[in-house]
Amino acid sequence: MMTRTICYIEGDGVGPEVTAVMLKAVDAAVGKAYQGAKRIEWKEVLAGQKAFDRVGTYLPEETLEAIRKHKVAIKGPLTTPVGRGFRSLNVALRQELDLYVCLRPVEYFEGTPSPVKHPELVDMVIFRENTEDIYAGIEWEAGSEEVKRVLAFLAEAMHVSSIRFPETSAIGVKPVSKEGSERL
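The sequence shown lines up with residues 123 to 306 when you count with our numbering.
Take a look at the structure:
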């Protein structure tokens with residue numbers, strides 16, 4: 123029997139329940155598709171609150187190493203802690219693992235209502251960029267010197283007075299470039 127190791131991140135919130143059902147569903151699909159000739163060995167890796175509670179960090183290096191080694195991972199929903207130095211655990215995973223594109227195949231399923239004149243002719247793939255422009259957020263924690271400088275710049279140089287920025291504000295910069303937009 124051929125076995126393939128796949129990493130999984132249980133996730134936060136409803137993650138444990140959703141992930142448990144997903145593991146069973148994928149195992150059943152593989153069993154049916156390969157009549158028992160192939161199976162998945164699931165390897166749990168940590169991220170999110172469970173990782174923080176166990177090892178003190180939300181995205182351990184061991185998790186990234188395991189995913190790089192096994193090449194495949196699936197994850198449950200992750201909560202991103204506010205003010206922790208990164209915008210999103212999902213974005214951090216994409217950036218660390220260089221997952222720069224999200225492929226989204228599109229095709230028409232007969233009988234589905236569609237505003238398109240000939241939906242049966244729709245057969246395409248959308249390449250959605252995942253790591254640059256809006257996903258490459260530059261962020262600083264609330265109260266940091268960087269935040270104070272940005273707030274001062276907005277008030278003094280840009281004369282932004284219509285928006286209130288409390289001292290507890292964190293700052294996120296989302297660069298958008300012509301090059302990044304045209305890359306795909």
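Note that beta-carbon positions come from the ideal geometry of N, C-alpha and C, so glycine has one too.
Asked                                                                                       : Found
As assigned by DSSP and simplified to three states, the class of T290                       : coil
DSSP three-state assignment for T125, whether helix, strand or coil                         : strand
Test item: CB-CB of P199 and D134 under 9 Å                                                 : yes
Span separating the alpha-carbon of G178 from that of G233                                  : 51 Å
Backbone CA spacing between V148 and E218 [nearest angstrom]                                : 26 Å
Helix, strand or coil at A159 according to DSSP, with G and I counted as helix              : coil
Rounded straight-line distance, which links the Cα of T185 to that of T290                  : 32 Å
Cutoff 6 Å; reference L276; Cβ partners in own chain excluding five residues on either side : V282
Whole-angstrom distance between R226 and T141, CA atom to CA atom                           : 22 Å
Identity of the residue in L181, V223, E163, A150 nearest L211 by Cα                        : L181
For L276, the three-state DSSP class (helix, strand or coil)                                : helix
Under 9 Å between C-beta atoms of V169 and K191                                             : According to the sequence provided, residue 169 is Ala. The question's Val does not apply to it. Their beta carbons are not under 9 Å apart, which means A169 does not touch K191 by this criterion.
Beta strand (DSSP E) segment containing I196, residue limits                                : 195-197
Pair within 9 Å by beta-carbon distance, K160 and M123                                      : yes
Whole-angstrom C-beta distance between V244 and V228, which should lie under 8 Å            : 6 Å
For E132 and K172, believed in contact at Cβ under 8 Å, the rounded distance                : 6 Å
Distance, T202 Cα to G137 Cα                                                                : 13 Å
Buried versus exposed, by CB contacts within 10 Å (16 or more), A195                        : buried
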